[in-house]
Amino acid sequence: MNLNKNIFVPEKAQIVEIKQLTQLEKYFKIKLLERNSLNHKPGQFVMVTVYGVGEAPISVSSPPEPNSNEFELVVRKVGTVTYAMHNLKIGDIIGIRGPYGTYFSAEKFKSKDLLFIAGGIGIAPLRSFIKEVLKEANKYRKITILYGAKSPSYLLFLDEMKKWQKNKNVTISITVDEPDNNWNGNVGVITTLIPMVEIDSLNTLVTIVGPPVMYKFVLLALMSKKIPDENIYLSFERKMQCGIGKCGNCQIQNLYACIDGPVFCWANIKYLEEAL
Amino acid sequence: MFLIDFETLKNFINSLINQYEIYAPIKKRDEYIFEKISNASEVVFENYIPTVLPPKKFLLPNEEKILKVNYKTKEAQPIFESKEFIIFGVRPCDLTAIYILDQIEADGNADPYYLERRKNAIIIGYDCEKSCDENALCNTVGSINPPEKSYDIFISKMNNNYVLIASTEKGKELVKNHITKKKNMDTSEIKEFNEKRAERITKFNQNVKYVFQDVTKIFEKHYNDPYWDEIGKKCLMCGSCIMVCPTCYCFAVEHEIDLKLENVYVKRRWDGCLLRDFSLVAGGHNFRPTASMRLKHRWNRKFNYLFKKYKISNCVGCGRCGRACLVNINPIDILNNIMKNHYSEVKK
Chain F
-5 MNLNKNIFVP EKAQIVEIKQ LTQLEKYFKI KLLERNSLNH KPGQFVMVTV YGVGEAPISV
55 SSPPEPNSNE FELVVRKVGT VTYAMHNLKI GDIIGIRGPY GTYFSAEKFK SKDLLFIAGG
115 IGIAPLRSFI KEVLKEANKY RKITILYGAK SPSYLLFLDE MKKWQKNKNV TISITVDEPD
175 NNWNGNVGVI TTLIPMVEID SLNTLVTIVG PPVMYKFVLL ALMSKKIPDE NIYLSFERKM
235 QCGIGKCGNC QIQNLYACID GPVFCWANIK YLEEAL
Chain A
1021 MFLIDFETLK NFINSLINQY EIYAPIKKRD EYIFEKISNA SEVVFENYIP TVLPPKKFLL
1081 PNEEKILKVN YKTKEAQPIF ESKEFIIFGV RPCDLTAIYI LDQIEADGNA DPYYLERRKN
1141 AIIIGYDCEK SCDENALCNT VGSINPPEKS YDIFISKMNN NYVLIASTEK GKELVKNHIT
1201 KKKNMDTSEI KEFNEKRAER ITKFNQNVKY VFQDVTKIFE KHYNDPYWDE IGKKCLMCGS
1261 CIMVCPTCYC FAVEHEIDLK LENVYVKRRW DGCLLRDFSL VAGGHNFRPT ASMRLKHRWN
1321 RKFNYLFKKY KISNCVGCGR CGRACLVNIN PIDILNNIMK NHYSEVKK
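Heads up: the protein sequence lines correspond to chains F and A, in order. Sequential numbering of the first sequence, starting at -5, is according to my numbering. Sequential numbering of the second sequence, starting at 1021, is according to my numbering.
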């Protein structure tokens, strides 16, 4: 990367594939035009510019691919920039800055257990980490994925999950808050899945990504399972205008979600009242 | 160190005007503002309360275009328009604020726009002889003696004459090239100056009753002091305090397309934690919804988080927020009330 480059200048990238995943979410495959690889790590985000509209932080949804200039974003249509993104077409140019922020790592949990907990669109950043881990699934003992969404129509990546489950040590449980007539699976909030999982509390890395309200209840459920705070990692959503620790919008007391996060170890932030 | 008289000081300013854009405090209606001057006679030197906006506005403008993007090709060009300029008459509080911004903006991912303007800014400080009014708490937070790195020249009044200290090469050049009638101060004059300057401390407010350095400890330990809820009930969340603050530096970013659809301008403008949109995300969740949470955050930035990180109070005691506040919330009351509640415990 050119160190003299102005840190506010986005690099040009092209949309090469779009899929409508749900009513609210679209999948974008992005091709970098100025670099050979995004060189990101799971859990990191990019600042996406829709020219003339604005810039927003979006977590990368694909695992690291050092030999590819393509990466994937899953974008929920919810604010000004994301609405505009949903109107873009294949071939359109967007701006990218990043990758920024802290990341997930399962390095210290080889031959131990991994527990992923995703709520709603939280599956998008978690997918990056899950797919990275599944590149060497046999190096871990047990991999459990708990995934909750509002209703069956909002569930993402079900096809991929079927493939993930082909690994013998992978178990996936899904729940919805509001079932439809065709739904045969679990019903209820994501915390209802936690008691059903057998957790080796001292040998499990727990990674949680979801909406603010979910964290509180999931963390309470995990504490009752006696999982040490040091083994719990979460990713936080905050408003960001710069992504590089200057604009101040993403502050969580003395920390910045953009440079100290978005991935935090629960042990380091549990004393911060603004965290949850 | 040089000694000059008032006529020479005015001639110095007029001589600088011939060569530079120079901004200085002037009177506008009943208030004072930093404005471009064309004659030294416009400048107010003494007996005025701090300008409505601090000189920060020249280094971090309220609104600035940072990128110009060709809408067709999406090619982005950074916009740097700054050229060398002078800010004259910067008070110790505002000098201290500039020193703080210098640390913050250069830290981590350095802000190229601030640094460019700062590089082009020649700063001539002007000393205070006493507190400007009852809102000032410069003496409490320790900003009556500004850090040397914050100015190029610093001017203090002594016995109807003026003492000039040029602390940078730029400052020394200006003194050399623009002041002919000056006297090198001898040892006894320097001694007298230092004594007088030390004595003047008695003319500054002692409005906080506790040892200020204990504030970080108290703010950290008593994050949920009930005083925040008390003033939270009064606060209108109007953001006046953040708009006039010399050390607030948070911003929002916007895109603006010109009418011909040729260029997109990426602009940033002041924003801050007292305002609703600052911590509001697109889904509608506001991470800091109440006035009490926002006040608590703002003052923890000044007296706790950034104080600890940069080892200097990020409130410089100018008193602007207290003067601007529509409901009389001010840092002096905040310090006195919160420290009062927990002070005995700190001293144990």
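Virtual Cβ for every residue (Gly too), placed ideally from N, Cα, C.
Query	Result
C-beta contact flag for K125 of chain F and S56 of chain F at 9 Å	yes
The segment 1153 to 1169 of chain A touching the segment 1195 to 1214 of chain A, judged by at least three CB pairs closer than 8 Å	no
Exposed unless 16 or more other CB atoms sit within 10 angstroms - verdict on G85 of chain F	exposed
Alpha-carbon to alpha-carbon, L140 of chain F and I166 of chain F	6 Å
Below-9 Å beta-carbon distance, E224 of chain F vs any chain A residue	no
DSSP-derived helix/strand/coil call for P93 of chain F	strand
As assigned by DSSP and simplified to three states, the class of Q1233 of chain A	helix
Near-chain F residues of the segment 1263 to 1277 of chain A (beta-carbon distance less than 9 Å), N- to C-terminal order	C1268, Y1269, C1270, F1271, A1272, V1273, E1274, H1275, E1276 and I1277
Secondary structure of N63 of chain F, DSSP reduced to three states	coil
Length of the line joining the Cα atoms of K144 of chain F and T16 of chain F	12 Å
K1048 of chain A to V1064 of chain A span [Cα, whole Å]	11 Å
Under 8 Å from the C-beta of L1080 of chain A: neighbouring residues of chain F	The premise fails here: L1080 of chain A is roughly 11 Å from chain F at the closest Cβ pair, so nothing lies under 8 Å.
Beta-bridge partners of G48 of chain F, as assigned by DSSP	F:V44
Below-9 Å beta-carbon distance, A112 of chain F vs any chain A residue	no
CA-to-CA distance, D1297 of chain A to F1271 of chain A, given in whole angstroms	11 Å
Cβ pair count under 8 Å reaching 3, the segment 86 to 93 of chain F against the segment 101 to 113 of chain F	no
Within 9 Å, strictly: CB atoms of Y1043 of chain A and F1100 of chain A	no
Contact residues within the segment 16 to 50 of chain F, judged by C-beta distance below 7 Å to chain A	Y45, G46, V47, G48 and E49
Minimum length 4: unbroken alpha helix (DSSP H) runs contained in the segment 1173 to 1261 of chain A	1189 to 1198, 1207 to 1219, 1235 to 1241 and 1247 to 1254
Per-residue DSSP class, three states only, for G191 of chain F	Note on identity: in this sequence residue 191 of chain F is Val, with Gly being the wrong assignment. V191 of chain F falls in the coil class under three-state DSSP.
Three-pair Cβ contact test at 8 Å for the segment 238 to 252 of chain F versus the segment 1129 to 1149 of chain A	yes
Contact set between the segment 1091 to 1118 of chain A and chain F, restricted to residues whose Cβ is under 7 Å from the partner	Y1091, K1094, A1096 and P1098
Pair within 9 Å by beta-carbon distance, P119 of chain F and S53 of chain F	yes
Exposure of E1215 of chain A, with buried meaning 16 or more beta-carbon neighbours within 10 Å	exposed
Residue from A:W1319, A:K1329, A:I1332 and A:V1366 with nearest C-alpha to I1352 of chain A	A:W1319
Length-filtered (3 minimum) beta strand (DSSP E) runs lying within the segment 132 to 156 of chain F	136 to 143
Under 9 Å between C-beta atoms of I88 of chain F and M79 of chain F	yes
Neighbourhood of T198 of chain F by C-beta distance below 6 Å, restricted to the same chain and skipping five residues each side	D107 and L109
DSSP beta-bridge partners of E1041 of chain A	A:F1105
Distance CB(R1217 of chain A)-CB(D1153 of chain A) smaller than 9 Å	no
Closer than 9 Å at the beta carbon, the chain A residues around I1 of chain F	N1129, A1130, D1131 and P1132
Chain-ordered chain F contacts of Y1243 of chain A [CB-CB under 7 Å]	E267
Own chain residues within Cβ distance below 6 Å of K1328 of chain A, not counting five before or after	T1236
Residues near V191 of chain F by beta carbon distance below 6 Å, same chain, minus five either side	T138
Nearest-angstrom Cα separation, counted from Y1119 of chain A out to S1151 of chain A	21 Å
CB contact below 9 Å: S1299 of chain A versus chain F	yes
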